Amino acid sequence: MAYALCFLLFMIGLYCAVVKKNMVKIVLGIVIMEYAVNLFLIMLGYLTGGVAPIIERSQYDAKTQTIAAEFLSASVDPLPQAMVLTSIVISLGSLALMISICIRTYAKYGTFDITEIRRLRG
Amino acid sequence: MSVPLPMFVAIPLVAAFVLPVLKGTLKPIATVLANLVTLSLLVLAVMSVGKTSVYEMGNWSIPLGINLVLDGLSSLLLLAIGIVGAASMLFSVRYMEQYTAKPKYYSLFLLMVAGMNGVVLSGDIFNLYVFLEIASIASYALVGFGCDHEELEASFKYMVLGSIASAFVLFGVALVYANTGSLNMAQISETIRRIGMNTGLAFALSLFVAGFGLKAALVPFHAWLPDAHPSAPAPISAMLSGVLIKALGIYVLARLIFTVFGVSVPIAWVLIALGVSSMVIGVFLAVGQWDFKRLLAYHSISQMGYVVLGVGLGALILARKGDPLWASLAILGGLFHLINHAVFKSLLFLTSGSVEMATGTRQLKKMGGLVERMPYTRATCAIASASIAGVPPFNGFWSKLILVIAAVQAGFYLLAAVTVVVSLVTLLSFLKVQRYVFLGELPENLEHTQENGGFMLAAMAFLAVLCLAMSLLVLHPALREVVLQPAVDVLVRAATAPTAVVSQ
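Protein sequence lines correspond, in order, to chains L and D. Quick note: the first sequence uses the working numbering, first residue 1, plus one each step. Quick note: the second sequence uses the working numbering, first residue 1001, plus one each step.
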């Protein structure tokens, strides 16, 4: 269910980016798409009642080199969180570039409407 | 001697952040440094040919750490990036005098190169996504580098479609991780061979096809390319058309389909359909163009169709358990055309830049008779046109010939016919270029046009010589065994052997 909502958010972003005529709204649509993917990644690593994947000394048996079973079942997967952090930074970079191009275009054309900014064909 | 794999990414990345610091009287140093970087990358790429190696970052073993993998296919792409990068950088030295902020331009250029090298070498899919974004963001900025009306508009269009493609790719990466629990390509492919394709993985594969198809500008995902590539400065057009759409689009698509997901009949047909539609639609859109660079951009779409067709044909034959010999011949044709296209299309864009710099226009109808004024540019442009149209003995002829032979041997007579017809239309279109740019009457306002000598000429001559010399890659057996065959083997072996591992 939660995954379906996540996919719905992705599709809303895609719709916004494809259909809207205002440059700023297109940028917002792309941001929504990226956030939907980030949310999906976060949910992959989510575990109800999960603990941080940092092992304590008492949970590790040095003699048999085994990790306590309750830690293995309760700790969350840290990898999606690392990926989300990276992807947030990347989307910040591309968002900054997109917004700066919007500003430069507004200075040239005096409008954000892409139907009026159409010198290039096809 | 082993090749230091991290250097392919580290050298341009470090240089990219050092160069913008050089200002004022230090600017010539930036030019020299940038050229040294691209030259050293070319040398490294030549050294890497015929070698395979795996580098584990920070000595973390594969399931825990990130790895860089060099194999035949990667080194082929590294070679293409090295050649086109060195030539474009040399060309930029004089061409970019027209623009301000040259060190910033070099910085973005090298960031793009670092991203592409990273994509080609990366052994896990999330890292591949990160490098993909480095190269893409740098290329968005470079398309809009002139900050004029058309350039900003083209850059915005490219950026919107590119960001959507990136979101698709990241979504695909997340789905693959959810279904296989791994990001390493070798481990994913093992897991997929064990559990088979499920709905999530099939959806991820379709997201990858759409995402990388957008990056590679295959029809029907091509809308951004004819705007973006002509709007960039000429050396950047050469980089974008020459290597970016291949390294970010077709290479990744081929690698994921063959070595990670495994070939199947439906996906092979998807590739063939994308290839044929790109070939046919691209070339017919190109014929009607009167803007020099726009015409070249449409031909990029068409020529990329050849590459995808070759790879798709190989995938189909392998998926149907046909003769692997013809499959490898088709893939050989596709990959050979990939590296050929890198050389002749970047040369064409460089000549268009040379013409534009001398005449101040890109409209074919406003030019003419430049053969007397710019004989060297004309000669290199004629060589590149002959290559792209498939005139023997230039390199384009051999790769198209191989594709046609493979299609006929595999029984796809219609595809072979389409390949030949598209090639003829390409020839027609480039005869038009020759006729309107270099032959005919010289307009009065172009009486004082002068040839561009020096570095620009050197870059064009270098690529023109390669156009002829690359034929040896397929005609000379020893060179073929070292350069092309390992790249083909990577794909064929991964698709045929059930236990193939990407990292070896």
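Don't be surprised by glycine CBs; every beta carbon is placed ideally from N, CA and C. Note that the structure is predicted; figures quoted are calculated from it, not measured.
| Item | Value |
| --- | --- |
| L/Thr105 versus chain D: which residues are under 8 Å apart at the beta carbon? | Leu1152, Glu1153 and Phe1156 |
| Under the three-state reduction of DSSP, which class applies to D/Val1219: helix, strand or coil? | coil |
| Taking CB distances under 7 Å as the criterion, tell me whether L/Lys108 reaches chain D. | yes |
| My understanding is that D/Arg1320 touches D/Pro1226, with C-beta atoms under 8 Å, so please give their C-beta distance in whole angstroms. | No, D/Arg1320 and D/Pro1226 are not in contact; Cβ-Cβ is about 36 Å, not under 8 Å. |
| Less than 8 Å between C-beta atoms, sequence neighbours within five positions excluded: which residues of the same chain meet that for D/Phe1017? | Ser1107 |
| Determine the extent of the alpha helix (DSSP H) in which D/Asn1059 is found, giving its start and end residues. | D/Asn1059 -> no alpha helix (DSSP H), and no H or E assigned at all. |
| Are any of the Cβ atoms in chain L nearer than 7 Å to that of D/Val1482? | no |
| Using the C-alpha atoms, what's the distance from L/Gln65 back to D/Gly1505? | Shown here, chain D extends from 1001 to 1504; a query on residue 1505 of chain D therefore has no answer. |
| Using the three-state DSSP reduction, which class does D/Leu1214 fall into: helix, strand or coil? | helix |
| Which partner residues of L/Thr66 appear in the DSSP bridge assignment? | L/Asp61 |
| For the segment 32-49 of chain L, which residues have a CB atom closer than 7 Å to at least one CB atom of chain D, in sequence order? | Met33, Glu34, Val37, Phe40, Leu41 and Leu44 |
| Would you list the residues sitting across from L/Ser75 in a DSSP beta bridge? | L/Val51 |
| Residues in the segment 1166-1180 of chain D with C-beta within 7 Å of chain A's C-beta atoms, listed in sequence order? | Chain labels in this structure do not include chain A; the protein chains are L and D. |
| Going by the CB atoms, is the gap between D/Leu1491 and D/Phe1258 shorter than 7 Å? | yes |
| Among D/Gly1288, D/Ser1092 and D/Gly1072, which has the Cα closest to the Cα of D/Val1046? | D/Gly1072 |
| Figure out for me which residue from D/Thr1359, D/Ala1228, D/Ala1286 and D/Ile1267 has the closest Cα to the Cα of D/Leu1309. | D/Ile1267 |
| Residue range of the beta strand (DSSP E) that D/Val1069 falls in? | Asn1067 to Leu1070 |
| If you drop the 5 nearest sequence neighbours on each side, which residues of the same chain put their C-beta closer than 6 Å to that of D/Val1501? | Any answer about D/Val1501 is weak, because its pLDDT of 46 lies below 50 and its placement is not dependable; what the coordinates show is given next. Cβ neighbours of D/Val1501 beyond the five flanking positions: Ala1186. |
| Considering only DSSP beta bridges, list what D/Asp1323 is partnered with. | DSSP lists no partner for D/Asp1323. |
| Quickly, what does DSSP pair D/Gln1363 with across the bridge? List them, please. | D/Asp1291 |
| Report the option in D/Thr1038, D/Ile1134, D/Arg1435 and D/Phe1109 whose CA atom is closest to the CA atom of D/Trp1290. | D/Arg1435 |
| Three-state secondary structure (DSSP) at D/Ser1122? | strand |
| Against chain D, does L/Ser100 count as a neighbour if the rule is that its beta carbon must be under 7 Å from one of theirs? | no |
| Could you run through the segment 11-26 of chain L and flag, in chain order, every residue whose CB is less than 9 Å away from some CB of chain D? | Gly13, Leu14, Ala17, Val18, Met23 and Ile26 |
| According to DSSP, simplified to helix, strand and coil, what is D/Met1148? | According to the sequence displayed, residue 1148 of chain D carries Asp and not Met. D/Asp1148 falls in the coil class under three-state DSSP. |
| Is it true that the CB of L/Val76 sits closer than 7 Å to the CB of L/Leu47? | yes |
| Below 9 Å on C-beta distance, what does L/Lys1 contact in chain D? | First, the residue type needs correcting, since residue 1 of chain L is Met and not Lys in the sequence shown. Those do not exist, as L/Met1 stays about 16 Å from chain D at its closest Cβ, beyond 9 Å. |
| Under three-state DSSP, which class holds D/Asn1198? | coil |
| Have a look at D/Ile1134, D/Leu1152, D/Lys1157 and D/Phe1126 and flag the residue whose alpha-carbon is nearest the alpha-carbon of D/Gly1181. | D/Phe1126 |
| What three-state label does DSSP hand D/Asn1452 in the structure shown? | coil |
| Going along chain L, which residues have a C-beta under 7 Å from D/Phe1126? | Met83 |
| The ligand ADP heavy atoms versus the CB of D/Val1263: any closer than 6 Å? | Ligands in the displayed structure: none, and consequently the ligand ADP is not present. |
| Would you grab the beta carbon distance between D/Ala1135 and D/Met1116 for me? Rounded to a whole angstrom, and I think it's under 8 Å. | 5 Å |
| Looking at D/Glu1151 and D/Ser1231, is the spacing between their C-beta atoms short of 7 Å? | yes |
| Would you say D/His1299 reaches chain L, if we count a Cβ-Cβ gap shorter than 7 Å as a contact? | no |
| On the three-state DSSP scale, how would you describe D/Ala1500? | For D/Ala1500, the pLDDT reaches just 43, beneath the cut-off of 50, and the residue's location in the model is therefore unreliable, although a value from the coordinates is still provided. Three-state DSSP puts D/Ala1500 in coil, outside helix and strand. |
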